[in-house]
Amino acid sequence: MLIQTPRQEGENVLTPEALGLHLQAALTASKVQVSLYGKSWDLNKICYKSGIPLIENGMIERMIEKLFPCVILTPLDCFWEGAKLQGGSAYLPGRPDIQWTNLDPEQLLEELGPFASLEGFRELLDKAQVGQAYVGRPCLHPDDLHCPPSAPNHHSKQAPNVAQELSGGCHGFSHKFMHWQEELLLGGMARDPQGQLLRAEALQSTFLLMSPRQLYEHFRGDYQTHDIGWSEEQAGTVLQAWQRRFVQVSVQMGEGGARGCSLLLPLRSTLSLQLAQEALPQNSSQQIHAFSSTTLDDILHAFSEVSAARVVGGYLLMLAYACVTMLRWDCAQSQGAVGLAGVLLVALAVASGLGLCALLGIAFNAATTQVLPFLALGIGVDDIFLLAHAFTEAPPGTPLQERTGECLQRTGTSVALTSISHMVAFFMAALVPIPALRAFSLQAAIVVGCNFAAVMLVFPAVLSLDLHRRHCQRLDVLCCFSSPCSARVIQILPQELGDGTVPVGIAHLTATVQAFAHCEAGSQHVVTILPPRARLVPPPSDPLGSELFSPGGSTRDLLGQEEGTRQKATCSSLPCARWNLAHFARSQFAPLLLQSHSKAIVLVLFGALLGLSLYGATLVQDGLALTDVVPRGTKEHAFLSAQLRYFSLYEVALVTQGGFDYAHSQRALFDLHQRFSSLKAVLPTPATQAPRTWLHYYRNWLLGIQAAFDQDWASGRISRHSCRNGSEDGALAYKLLIQTGDTQEPLDFSQLTTRKLVDKEGLIAPELFYVGLTMWVSSDPLGLAASQANFYPPPPEWLHDKYDTTGENLRIPAAQPLEFAQFPFLLRGLQKTADFVEAIEGARAACAEAGRAGVRAYPSGSPFLFWEQYLGLRRYFLLAICILLVCTFLVCALLLLNPWTAGLIVLVLAMMTVELFGIMGFLGIKLSAIPVVILVASVGIGVEFTVHVALGFLTTQGSRNLRAAHALERTFAPVTDGAVSTLLGLLMLAGSNFDFIIRYFFVVLTVLTLLGLLHGLVLLPVLLSILGPPPEVVQMYKESPEVLSPQAPREGGLRWGLPPTLPQSFARVTTSMTVALHPPPLPGAYIHPASDEPTWSPVATPAANGSSNLSSRGPCPATG
């Protein structure tokens, strides 16, 4: 397509000058050639041609084939200049080359009449109303030296009235079958009160190319292709090569000073804006926009194509973040290599999942290529961070060989819960009958399953290897080198308290000892001596009240206290080395969030956000225009904007299938056509023109030959035994009327006067329907091409010769019963999604009504391909969300055995989805299949932010505030790290050339991630602290005489218990012992103490016996 608009809005284009510029651009487009397979291919060879007739004379047939014009719908066809776009030519001795610019068909037939019998061809041209073709039309520029003398304004030299000539549309070389209506040629029209065309703001020309199949059939068996092994694949290659060559020429011409936007897509369109622009003067007041059907395919292909640079860049950012965020100053605590391995493992799992989807034949789409790689990586990395953080927080004293099992015991349930929730939810969402949503849901479920398998089966092995690296004191990442950090902390089981008792109630007992280590030269072992030394220290201050920091102890707590006691005289660590997200959550975030007034503020703010989102949801409109997909500022976007504004026309087809008898269902077919034609969006056929359908053309052709037969019969030119003296049409009717359809007695001459081809009701005789169809297809190629019937199976070829009255020529083969045919229509005025939906609903209703009459039909075309999803999009979207929420509730309730918690999780997920939908309304994002996929994915993403916190709340003791704070301490760091890594991956989408990807993917997914972070770490802890369920783990206390009755302490030992005078009540006592090893530091080593952060560990069970002198032995580290 080629659209021309004025640079100044509102300017009239119905002038000879504007049409002259349009001609220059169209001519430039039609002159491109390409050489392939040793042949030269130009537009005349690959364009679509409407019904080339079969002629017995071989020379005349080849000449007609070369001259037969391409189908070009252009306003230039109203003038003689339209012939310049037709590139065919033929040669006859004694006269110049025959071209459409100098071809008068009537005169040519007169000249060829003495040399060949062309009576049938003459009648064909007369019925098609070809006349003088282009030479009988006015010239835009009558002073052109080539303007034919037969042009109406050749002698007057007056420029034509363009508006008057274009009024009512234009015609191709056939006035009967090639009528281009005004709406196909002109845009922005203005008329006077009488309806006369005055002005227009846009011109449009449409070039039609053959499909690969048509091109293959056209040249199959031709002398030009007999030596190259001609195939349909080669035909497609020829079309693509011609189009690519055209783009190359346009780029070369554009280097000389083309203005405007550059091509951002590797388009293979038949027309290029840049080439068309270069055909115009630099100071032209007009601008050209170009497009083609392949351009749309290229746009969709580029849009759905995976950007390797963006994916690799996003994954590299995630790798960097995972490594940096898990690095520690203390080499024994650093996990940078674990972060790198985890991200790479998830990336491989995503790749394997997508590969499995490809093997299963699940179609990839834009959501798969643009969303799923980052979504799956974000989900998998969240689990990686959770396991890695839990691995470093194993309970004190856990043997090395049990550390991995302890990690999976603490976090495996959470990982399994989120993964199973994802898989079940996505599999259930695949039940929704939207192809894009179904494919995405299946792919997401499979990829999540691969992630789950990798995280649970492979990543624990990575953690174990890293633990071995730390035990061997190797550097992180560079594990081949020894660690310069030699200070280690060993946790010793609590011992008996000596020379004192523990007060009743909650107390924090810390026994701090100073250890000395030296290496024995003989045994090559490190010997650690622990002298007895103990003292009681008060519990730490409690920011949230006495119950928030429950009694507990850990190595790092005691180390911090011991360092504090020594006034940190030995060494001090950098603040940045001691700060981490867990410290922030425990010391600052949780105390602030779980205060009463903070909870009230959080609930009010989230309630306000929910209310605004409900209002924003009312602003969301359905639709996805091509202008939203194509990058702004490009030629393609300019064309689509102009087309949407001036030429909102869509060619569609009403397809009829097999399974019913066409011959006996003619009335139902006519009724179907009438109902479809009466739709508001259908462009009506002019009253002077027959409906453009094969059934109408076929019936009218039969009426024409019946009338010719009646006239020849009445005049005696046709008798019962001969039709040689009759007209061509009369002879055709003669041969058809005598057909019986019986293989034994195929002919019956008595039927010539007793039957009619078409009855009084306008229905074709059923017994002659398929025989007549063969005759019509062979005898009226122009009418067949104009009808765009596309019969399948195609009727057999049959060549008519009225002088051949032998039995074989009279026996006409009947066409096979039709399994496919179509009626073409044009839809107009489709601007908004509501217009498309109304047209689609009307078309579906017409087909449903025809179905009740026994006719199987359905509409086809781009409106039904791209816009039919909106008929039930919102209904299916709500259904998918409901299915996901219900499945999430069931999975959480079954795995957690706690419907209460599952209900709170689903409540937060529903709020996230509603808020994301409302924010889309405020951002002006329209609802289509792609945003629906992201909204459905929001439930799965939200599970990652909520389940971990909820599970941490369930598995902690104490009050709701205490448990919420403990859940935040455990999950704040991994959840935040997972969110940040996801945002870093999404950051690469911001560099896309497609504005659509930025707005519909990057912005929406970023908002979704931020919403998940806020709801998971802010709203859910507040709700749990107010409405949370009781804990799943309850501490049991047992009355024991050994505890209530203190024993005599051993000399130099530690003991603990209750005074005998106290009543037999329960007392919670926490005691721990910390051993700090301080060997001489290596040169350049940086010594820092362990964190002095408070902890919320479960109450430790004290040991009954102990020893005052302890020693630790181990192999001496290698030095060198």
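Position 179, counted from 1, in the sequence shown is what numbering that gives the first Met the number 0 calls 178; the numbers after and before it change by one each time, with no gaps. In this text, a Cβ means the ideal position worked out from N, Cα and C, and glycines have one as well.
* Limits of the unbroken alpha helix (DSSP H) element including S958 -> Locating residue 958 in the sequence shown gives position 959, where the first residue counts as 1. Taken as a continuous stretch (DSSP letters only), S958 belongs to no alpha helix (DSSP H), as it is neither H nor E.
* **D143 in three-state terms, based on DSSP** => Taking the sequence shown and counting its residues from 1, one reaches residue 143 at position 144. Here DSSP, grouped into helix, strand and coil, assigns D143 to coil.
* To do: List the endpoints of the continuous alpha helix (DSSP H) containing T4.
  => Indexing the sequence shown from 1 puts residue 4 at position 5. Run containing T4: none in the alpha helix (DSSP H); it sits in the beta strand (DSSP E), L1 to P5.
* **Short CB-CB distance (under 8 Å) between T73 and chain D** => Structure shown: chain D not included; a single protein chain is present.
* To do: Check whether the stretch 758-769 touches the stretch 713-721, taking contact to mean three or more Cβ pairs, one atom from each stretch, closer than 8 Å.
  => No: the two stretches stay apart, fewer than three of their Cβ pairs being nearer than 8 Å.
* Taking the alpha-carbon positions, what's the G335 to L316 distance? -> Counting from one through the sequence shown, the residue named residue 335 turns up at place 336. Counting from one through the sequence shown, the residue named residue 316 turns up at place 317. If you draw a straight line from the Cα of G335 to the Cα of L316, it comes to about 14 Å.
* Nonlocal neighbours in the same chain, by C-beta distance under 6 Å from H154, ignoring five residues either side -> Within the sequence shown, numbered from 1, the residue matching residue 154 stands at position 155. Closer than 6 Å at Cβ, skipping near neighbours: no residue.
* Where does A616 fall in DSSP's three states? -> Translated into the one-based positions of the sequence shown, residue 616 becomes position 617. Helix at A616.
* To do: Using only alpha-carbon positions, find the residue among A785, E818 and K801 that is nearest to P794.
  => Numbered from its first residue, the sequence shown carries residue 794 at position 795. Taking P794 as reference, the option from A785, E818 and K801 with the minimal CA-CA separation is E818.
* Would you say the stretch 1000-1010 touches the stretch 869-886, given that touching needs at least three Cβ pairs under 8 Å? -> At 8 Å Cβ cutoff, the stretches do not touch.
* Asked: Can you tell which of Q710, A978 and Y314 has its C-alpha closest to the C-alpha of I940?
  -> Taking the first residue of the sequence shown as position 1, residue 940 is located at position 941. With distances taken between Cα atoms, I940 lies closest to A978.
* Asked: In three-state terms, what does DSSP make of L611?
  -> Here residue 611 is taken as the residue at index 612 of the sequence shown, counted from 1. Residue state, collapsed to three classes: helix.
* **Minimum C-alpha distance to P104 - residue among F67, P137 and P92** => Here residue 104 is taken as the residue at index 105 of the sequence shown, counted from 1. P104 has its Cα closest to that of F67, out of F67, P137 and P92.
* To do: With DSSP collapsed to three states, give me the class of V423.
  => As a first step, residue 423 must be located in the sequence shown, where it is residue number 424. Here DSSP, grouped into helix, strand and coil, assigns V423 to helix.
* Note the first and the last residue of the continuous alpha helix (DSSP H) segment covering F172. => If you number the sequence shown from 1, residue 172 lands on position 173. For F172, no alpha helix (DSSP H) run applies, since DSSP gives it neither H nor E.
* To do: With a cut-off of 8 Å on the beta carbons, I'd call S612 and D475 a contact; round off their distance for me.
  => Position 613 of the sequence shown, counting from 1, holds the residue named residue 612. Position 476 of the sequence shown, counting from 1, holds the residue named residue 475. Their Cβ separation, rounded to whole angstroms, is 44 Å, which puts S612 and D475 out of contact at 8 Å.
* Asked: Is there contact here, the stretch 633-647 with the stretch 839-855, by at least three beta-carbon pairs under 8 Å?
  -> With a cut-off of 8 Å, the stretch 839-855 and the stretch 633-647 do not count as touching, because too few Cβ pairs lie within range.
* Just checking my contact of D41 with G93 at CB under 8 Å: how many whole Å lie between their CB atoms? -> Counting from 1 along the sequence shown, the entry for residue 41 is found at position 42. Counting from 1 along the sequence shown, the entry for residue 93 is found at position 94. Not really, about 27 Å apart at Cβ, beyond 8 Å.
* Asked: Pick from I361, T391, L326 and G404: whose alpha carbon is nearest that of L456?
  -> For this step, residue 456 is matched to residue 457 along the sequence shown. Residue G404 is the option with its Cα nearest to L456.
* **Endpoints, the alpha helix (DSSP H) within which T692 is located** => Against the sequence shown, residue 692 aligns to sequence position 693. Run containing T692: none; DSSP gives neither H nor E here.
* **Segment contact flag, the stretch 379-393 with the stretch 974-991, C-beta cutoff 8 Å, min 3 pairs** => Yes, the stretch 379-393 touches the stretch 974-991.
* To do: Put C479 into one of helix, strand or coil per three-state DSSP.
  => Your numbering for residue 479 matches position 480 in the sequence shown. C479: coil per DSSP, three-state reduction.
* Out of C406, G352 and A936, state which residue places its alpha-carbon closest to the alpha-carbon of Q442. => Walking along the sequence shown from the start, residue 442 turns up at place 443. Here the closest residue by C-alpha is G352.
* Asked: With a CB to CB cut of under 7 Å and the five nearest residues on each side skipped, what residues in its chain are close to Q705?
  -> Looking up residue 705 in the sequence shown gives position 706. Same-chain partners within the cutoff: A732, K755, L756 and V757.
* Asked: Given that a residue counts as buried once 16 or more other Cβ atoms are within 10 Å of its Cβ, and exposed if not, what is Q821?
  -> Position 822 of the sequence shown, counted from the start, is the residue given in the question as residue 821. Q821 counts as buried, since no fewer than 16 other beta carbons sit within 10 angstroms of its beta carbon.
* Check whether the Cβ atoms of T417 and V946 sit closer than 8 Å, and answer yes or no. => Reading the sequence shown from its first residue, position 418 is the one you call residue 417. Reading the sequence shown from its first residue, position 947 is the one you call residue 946. Taking 8 Å as the Cβ cut-off, T417 and V946 qualify as a contacting pair.
* Just the Cα atoms here: how many angstroms apart are L183 and L139? -> The residue labelled residue 183 in the question sits at position 184 within the sequence shown. The residue labelled residue 139 in the question sits at position 140 within the sequence shown. One C-alpha to the other measures close to 20 Å.
* Around the C-beta of E232, are 16 or more other C-beta atoms found within 10 angstroms, so that it is buried, or is it exposed? -> Counted from its first residue, the sequence shown places residue 232 at position 233. Flag for E232 reads exposed.
* Asked: By DSSP, does S88 sit in helix, in strand, or in coil?
  -> The residue labelled residue 88 in the question sits at position 89 within the sequence shown. Correct three-state label for S88: coil.
* To do: Within 10 angstroms of the Cβ of N160, are there 16 or more other Cβ atoms? Answer buried if so, exposed if not.
  => For this step, residue 160 is matched to residue 161 along the sequence shown. An exposed status is given to N160, since fewer than 16 other beta-carbon atoms sit within 10 Å of its beta-carbon.
* With distances taken from CA atoms, which of R190, V129 and K156 is nearest K175? -> Walking along the sequence shown from the start, residue 175 turns up at place 176. K175 has its Cα closest to that of V129, out of R190, V129 and K156.
* A1121 - DSSP class collapsed to helix/strand/coil -> Missing from the structure shown is residue 1121; the chain here goes from 0 to 1119 and no further.
* So, using beta-carbon positions, are D779 and W700 closer together than 8 Å? -> Position 780 of the sequence shown, counting from 1, holds the residue named residue 779. Position 701 of the sequence shown, counting from 1, holds the residue named residue 700. Yes, they are a contact pair.
* Top-ranked residue by Cα proximity to T1005, from M919, C406 and A346 -> Here residue 1005 is taken as the residue at index 1006 of the sequence shown, counted from 1. When each option's Cα is compared against that of T1005, the closest is M919.
* **A662 to R855 span [Cα, whole Å]** => By 1-based counting over the sequence shown, the position of residue 662 is 663. By 1-based counting over the sequence shown, the position of residue 855 is 856. For A662 and R855, the distance between alpha carbons rounds to 14 Å.
* Asked: Exposed or buried, which one is Q743 when buried takes at least 16 other CB atoms within 10 Å?
  -> For the purposes of this step, residue 743 is identified with residue 744 of the sequence shown, where counting begins at 1. Exposed, since its Cβ has fewer than 16 Cβ neighbours within 10 Å.
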